[in-house]
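So the sequences go chain by chain: A and B. Just so we're aligned, residue 151 is where the first sequence starts under this note's numbering, counting upward by one. Just so we're aligned, residue 16 is where the second sequence starts under this note's numbering, counting upward by one. This report refers to the structure that appears directly beneath it.
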Amino acid sequence: MARRYFAIAAFVGLIVAIQLATLATGTGYYLTQLTMTAYYSLVIVGLCMLIGYAGQISLGHAGFFAIGGYVAGFLTTFDLKSHQGAIVSLLSNSGALVSRHDVYGGSLLTVHPWLACAAAILLTVVVAYFVGGPILKLKGHYLAMATLGIGIIVYRIVLGTEFLGAADGISEVPGFPLPGGLLITGDSSSRVSNYYLAWGVVLLGMVLLLNLIHSRIGRALGAVHGAEDAAEAMGIPTARYKLHTFVLSAVFAALAGVLLTHYNGGIGPSEAGVMKSVRYVAIVAIGGMANLWGALSMSLVLNYLSLRGYFGTYDDAVFGVILILIMLFAPDGLLRRHLFSDLKRIVSRDPAGEEAP
Amino acid sequence: MEFFFQYLVAGITYGTIYAIVAIGFNIIYNATGIINFAQGEFVMLGGMTAVTLNGFLPLPLAIVLAVVVTTIVGAVIEILFIRWLYKPSVLRMVIITIGVSILIREIALHIWGENVRALPYFTGSSVSSINLGGVYISSQVLWVIGVGALAVAALTAFFNLTMLGRQMRACAANRDAARLCGIDAGNMVTLSFMISAAIGAIGGAVVCPITYVQYDSGTPLAIKGFTVAILGGLGNSTAAVGAGMILGILESFSIWVLPTAYKEAISIAILLGILFVKPSGIFGSAEAARLKEF
């Protein structure tokens, strides 16, 4: 118990230290990438919960990210003024709509970001429930391919749909208003507050997941991961737990999509691309499949480096190589087990190291 | 009515390619129980290498060399990434082969850039066509279908008539028993990667004049090939041909109902539908599927 809170406190310390360091060195612009890193980390920790604790791979989480981002982006930019009707006036009277001005000074009547966010989450839950039911019955190759397929379908839809901006995506998404006059926006004047907001959201998500892991449900998931048939025999509703974890991780991805879309002021189809999904899995893998803190810290490092463009044109290749190396030499992740004993076992081909299928 | 046949021919052409990719999947799956997600990359490599070599070599020689190069790549992949793993889990293999496919794609991007390339038509040109009762068929389409049929026939003969083919099938059926009979199981796996790389490359070269080739054209093909392999029943290559035709034709006619932009989503929706309803495939038996390891 104490260790859990110690880790959280240490992480808060790290986040504050990073900000103070950028303040001291006058490199405040790094905070922009670090804020985006935070939102991507939200996807990573959710996916880590699914892969590491429920033992189900998903190669389609960029799809859920895109569902969140696109719903939020579309609803907060689509002008309802020319679509007056019963529903619009009902929404308008209940305060669900906001009028604002676009960059050219024209007035817009759009859905309130909070309502748009709720709609995005709701749609994600529905989709995740709908596809998760049949998909999670599959295993191994089939599960990997099916989730990959879901991701590609979302990608094709956002790429081919005219009102979602097709290849251009959605732009001019307004900031996301929070109580206390705070606003999630990429505006450089509120860079510091947004940095703390973003990591605050991630930390909230972490606390939620950590508590979940240490609860009855978490222990049940551990049993499901270890030996599914045995868990089922003990009376654990394995299918339901797997589905709920899938939906939860999808919601994390969608929320990240919503917030990052508001922060960036837009979203494009590349966010739904297969490479993004693969990248999320790569980071979870390198962080240690069942290690939330490992996944979070790897996400902090790798997403930041990638967003700063350190890998240049080799960006995708770097994540491909990471995937291969981790899976070849340390399939349980770098930060989970002792790398050296792993290597020794691989070299000596000790059958004791044989993993469960 | 002519349009109907025109679409049908287009569907069969694409179906042949999907079937070739699916057979590549099946060969490796049968020998190792691994789905090689980099299968589409072999097709891309075959096409790309043939185009490059055709710059200074006659077409037939360029294609043969391209197939040889891709076969070597297949062997190298197996030796580097697969051979020395001790009983890897399925998830681990899935992720490794996905990593390999990303790696090949990125290397191709750095070698060839983002340009779309094509081979010249083997016979005739892009505008010339053969009139078969009102339906105009490009000669290249006949090449695709002919080479596809030939490849399937050659593989069937190889697996049933030659000693090497029989040894491979023995390894697929029971690796330990095959090893006891003195068959080198490790080499058989390498061979299976080489054969599926070769057949992928042949497919890539022969379809290249029609569909063009780009550094990232492998992944969509791999997904369709996988769909077809599942549709036919994983591991069953004859069924893959039938399933390939079904998918190619469905996709071809889907343009009548849905915008072209969603064409890609059709095959995936079919894949998901099959996975949900009957994971053993429409031609496969559920009984046999239960014995397979996923």
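Note that CB positions come from ideal geometry on N, CA and C, so glycine has one too. Note that the structure is predicted; figures quoted are calculated from it, not measured.
- The residue among H251/A, S456/A, T274/A and L184/A with its C-alpha nearest the C-alpha of A222/A is T274/A.
- Of all residues in the region 267 to 283 of chain B, only P274, A276, Y277, E279, A280 and I283 place a beta-carbon less than 7 Å from a beta-carbon of chain A.
- Excluding the 5 residues flanking it on each side, G178/A has same chain C-beta neighbours closer than 7 Å at T172 and R341, in chain order.
- Not flagged as an interface residue toward chain A: P75/B, since no C-beta distance is shorter than 9 Å.
- I417/A sits in a strand when the DSSP states are folded into three classes.
- Residues of the same chain with a CB within less than 7 Å of the CB of N69/B, apart from the 5 flanking positions on each side, are A77 and L134 in chain order.
- Taking a C-beta cut-off of 7 Å against chain B, none of the residues of the region 360 to 387 of chain A qualify.
- Not a single C-beta of chain A is nearer than 9 Å to the C-beta of S211/B.
- Against chain B, the CB of V281/A has a partner CB under 9 Å away; the residue lies at that interface.
- An exposed status is given to V292/B, since fewer than 16 other beta-carbon atoms sit within 10 Å of its beta-carbon.
- Interface with chain B (9 Å Cβ-Cβ cutoff): P324/A is excluded.
- Nearest CB-CB separation between Y220/A and chain B: not below the 9 Å threshold.
- By the rule that beta-carbons nearer than 9 Å mark a contact, D318/A does not touch chain B.
- The region 350 to 357 of chain A makes contact with the region 182 to 198 of chain A; the number of CB pairs closer than 8 Å reaches 3 or more.
- From the beta-carbon of R154/A, no residue of chain B is found nearer than 7 Å; the closest lies around 28 Å away.
- In the structure shown, I43/B falls within a helical segment according to DSSP collapsed to helix, strand and coil.
- Contact annotation: the region 466 to 485 of chain A does not touch the region 228 to 243 of chain A, with fewer than three C-beta pairs closer than 8 Å.
- Here I285/B has T242, L246, L262 and L265 as same chain residues with Cβ atoms under 8 Å from its own Cβ, once five neighbours each way along the sequence are excluded.
- Taking 9 Å as the threshold, the shortest C-beta distance from S116/B to chain A falls below it.
- V195/A has a beta carbon lying at 9 Å or more from every beta carbon in chain B.
- Ranked by Cα distance from A212/B, the first of V88/B, V115/B, V162/B and V272/B is V88/B.
- When the alpha-carbon of A377/A is set against those of P324/A, A204/A and V308/A, the nearest one is in A204/A.
- When secondary structure is reduced to three states using DSSP, T335/A falls in the coil class, being assigned neither helix nor strand.
- Beta-bridge partners assigned by DSSP to T260/A: V248/A.
- Judged by DSSP secondary structure, F215/A falls within the alpha helix (DSSP H) whose first and last residues are H211 to T227.
- Here the C-alpha atom of Y430/A lies approximately 44 Å from the C-alpha atom of G197/B.
- Within a 10 Å sphere around the beta-carbon of D199/B sit fewer than 16 other beta-carbons, which makes this residue exposed.
- 9 Å or more divides the Cβ of I117/B from the Cβ of M108/B.
- For the set A220/B, N175/B, V91/B and T275/B, the Cα lying nearest the Cα of V82/B is the one of A220/B.
- The C-beta of E17/B comes no closer than 9 Å to any C-beta of chain A.
- Assigned with DSSP and collapsed to three states, I194/A falls in helix.
- Separation of A266/A and E312/A (C-alpha to C-alpha, rounded to the nearest whole angstrom) is 20 Å.
- I152/B: member of the beta strand (DSSP E) spanning V150 to I152, first to last residue.
- The beta carbon of S257/A lies closer than 7 Å to those of S249 and H251 in the same chain, with the five residues before and after it left out.
- For the region 198 to 280 of chain B, the continuous alpha helix (DSSP H) assignments of 4+ residues that do not extend past its boundaries occur at 200 to 226, 233 to 247 and 252 to 272, in sequence order.
- According to DSSP, P327/A shares a beta bridge with L333/A.
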